[in-house]
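Position 302 (the sequence shown) corresponds to 302 in the UniProt record's numbering; numbering is contiguous.
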Amino acid sequence: MASDTGSESRGTLSYASGRVSGVTGHFTPDRPGLRSWLPGFLALAAIWGSSFLFIKIGVEELHPLQLTLYRVAAGALTLLVVLAVLRDRLPREPRVWAHLTVVAALGVAVPFTLFGYGEQRVESMLAGIWNATTPLIVLPLAVLVFRTERLTRRSAVGLALGFAGVLVVLGVWEGVGGSHFTGQLLCFGAAACYGVGIPYQKRFVAGSKHSGVSLSAAQLLIATVQLAIVAPLVAGAPPVPTDLSPRVLASVLALGALGTGLAFVINMRNIRIIGASTASTVTYLIPVFAVLIGALVLDERLNWHQPVGALIVLVGVAVSQGLIGRRRPAVVDVAAPAVPAAEPATR
């Protein structure tokens, strides 16, 4: 997608829930070797791809709201520890906290919960596929509502192709309705929440002076409070963690500490090494890992049209982001920012 010009002018990258230092000098950095970034890149795809497996296991004993509460609380604690190690601090401005309250709801509490509801009805691998549709929702909202992107002919073609893939994943020719179809819509609704939260974040939060870890920790703290209020009202008091089976407890800890905490740190490292554009291509590997893990661990199976539709969606996303069909310039403008902004790989 088009980059956030406000962030680029300051040599920063908007990613996940904040910004990290970019390359600000008038030179082109050396191309990093595969050994320096590929292990972390693959680890990140595996962690985020396996999150849908852990959600599927977690909802066996926990209400989706309770699962999200535990997951977010564990992630917040993890990032607070990272903040302490880095000697960083949380934001202090009321305006930043106000905007993060919106991002916490749209980017964390609601979509995480919707994926939990969805995976009570559909396979974990299918939830991973629906997660990949997020960029298709981000672009039109960023263009029409938040004005952080421009709609080009290429991106319009990519959007049309991507939404055709959505219809293939749904299998609309088989008719609509039933629990499985509802579960797919819930997962698509989770992706839609990310689609609103990401451009909102770029518009109102990404230009903040605070680090990405600081903003993410604050965001998760807010989401924890939101869920701590709503979850008991809807699902009742959450069970004591020691009452959970080891399998479910391990899944909750993996979702929080790994998928919501450590994964962010790995992602930040990837951005610093290879740039945001290349780092964001992890989006294309997440559904691959989700499908493989779901098949190997849970023995899940997909209908033929679901992986075919997923492939069409990913091609549409790649076209809309200029990864396919983009002409490479013959001359590099070394005066331009070396690393563009990128959209996060949600999970």
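Glycine included, every Cβ here is placed at the ideal spot set by N, Cα and C.
The structure displayed is predicted, hence computed values, not measured ones.
Please classify residue i as buried or exposed, where buried requires at least 16 other C-beta atoms within 10 Å of its C-beta.
i, result
"His-63", "buried"
"Val-248", "buried"
"Gly-197", "buried"
"Ser-179", "exposed"
"Val-103", "buried"
"Arg-87", "exposed"
"Trp-37", "buried"
"Leu-221", "buried"
"Arg-71", "buried"
"Leu-100", "buried"
"Glu-123", "buried"
"Thr-224", "buried"
"Leu-255", "buried"
"Ala-142", "buried"
"Val-172", "exposed"
"Ala-237", "exposed"
"His-26", "For His-26, the predicted model reports a pLDDT of 41, less than 50, meaning its position is unreliable and no value from the coordinates is stated."
"Ala-228", "exposed"
"Gly-177", "exposed"
"Leu-144", "exposed"
"Leu-262", "buried"
"Asp-299", "exposed"
On the premise that residue j lies in contact with residue i, defined as a C-beta separation below 8 Å, what is that separation, rounded to the nearest angstrom?
i, j, result
"Val-81", "Glu-119", "That pair is no contact at about 28 Å."
"Ser-320", "Gly-158", "3 Å"
"Phe-264", "Ser-211", "Actually they do not touch by this definition, with Cβ atoms about 11 Å apart."
"Leu-65", "Val-230", "7 Å"
"Leu-126", "Leu-302", "7 Å"
"Asn-270", "Ala-279", "4 Å"
"Val-317", "Ala-76", "At roughly 30 Å, the Cβ-Cβ gap does not stay under 8 Å, so Val-317 and Ala-76 are not in contact."
"Ile-266", "Gly-40", "5 Å"
"Val-169", "Gly-309", "3 Å"
"Arg-154", "Gly-322", "6 Å"
"Ile-312", "Leu-185", "Actually they do not touch by this definition, with Cβ atoms about 19 Å apart."
Could you tell me which of the options sits nearest to residue i, measuring between CA atoms?
i, options, result
"Pro-140", "Gly-171, Arg-89, Pro-199", "Pro-199"
"Gly-259", "Ser-36, Ala-45, Arg-35", "Ala-45"
"Leu-34", "Thr-281, Ile-293, Ile-273, Gly-309", "Ile-273"
"Pro-232", "Leu-161, Leu-38, Leu-69", "Leu-69"
"Pro-246", "Val-317, Ile-57, Ser-50", "Ile-57"
"Ala-105", "Asp-299, Glu-300, Ala-190", "Ala-190"
"Val-96", "Ala-43, Lys-202, Leu-298, Leu-311", "Lys-202"
"residue 351", "Gly-40, Leu-67, Ala-43, Phe-41", "Because residue 351 is not part of the residues shown, which for the chain are 1 to 347, the question remains open."
"Arg-121", "Ile-293, Val-168, Thr-182, Val-169", "Thr-182"
"Ser-51", "Leu-311, Val-252, Glu-93", "Val-252"
"Glu-93", "Cys-187, Ala-156, Ser-214, Glu-174", "Ser-214"
Taking only the alpha-carbon atoms, compute the straight-line gap between residue i and residue j and give it to the nearest angstrom.
i, j, result
"Phe-146", "Ala-206", "13 Å"
"Pro-91", "Ala-235", "32 Å"
"Pro-239", "Ala-290", "28 Å"
"Ala-73", "Phe-112", "13 Å"
"Pro-135", "Ala-98", "25 Å"
"Glu-61", "Ala-250", "12 Å"
"Ile-55", "Thr-152", "37 Å"
"Arg-89", "Lys-209", "12 Å"
"Pro-287", "Ile-129", "5 Å"
"Trp-304", "Phe-204", "41 Å"
"Ala-109", "Gln-226", "8 Å"
"Val-138", "Tyr-194", "8 Å"
"Ala-2", "Tyr-117", "Note that Ala-2 scores a pLDDT of 38, beneath 50, so its modelled location is shaky; the value from the coordinates is reported in the next line. Their backbone Cα atoms lie some 33 Å apart in a straight line."
"Tyr-284", "Leu-314", "7 Å"
"Leu-42", "Trp-48", "10 Å"
"Leu-296", "Phe-115", "21 Å"
"Ala-84", "Ala-218", "13 Å"
"residue 358", "Ile-324", "With the chain covering 1 to 347 only, the question about residue 358 has no answer from this structure."
"Pro-32", "Thr-281", "16 Å"
"residue 433", "Gly-275", "Nothing can be reported for residue 433: it is not among the residues displayed for the chain, which extend from 1 to 347."
"Thr-148", "Phe-163", "21 Å"
"Leu-292", "Phe-188", "20 Å"
"Ala-192", "Thr-242", "34 Å"
"Leu-167", "Ala-156", "17 Å"
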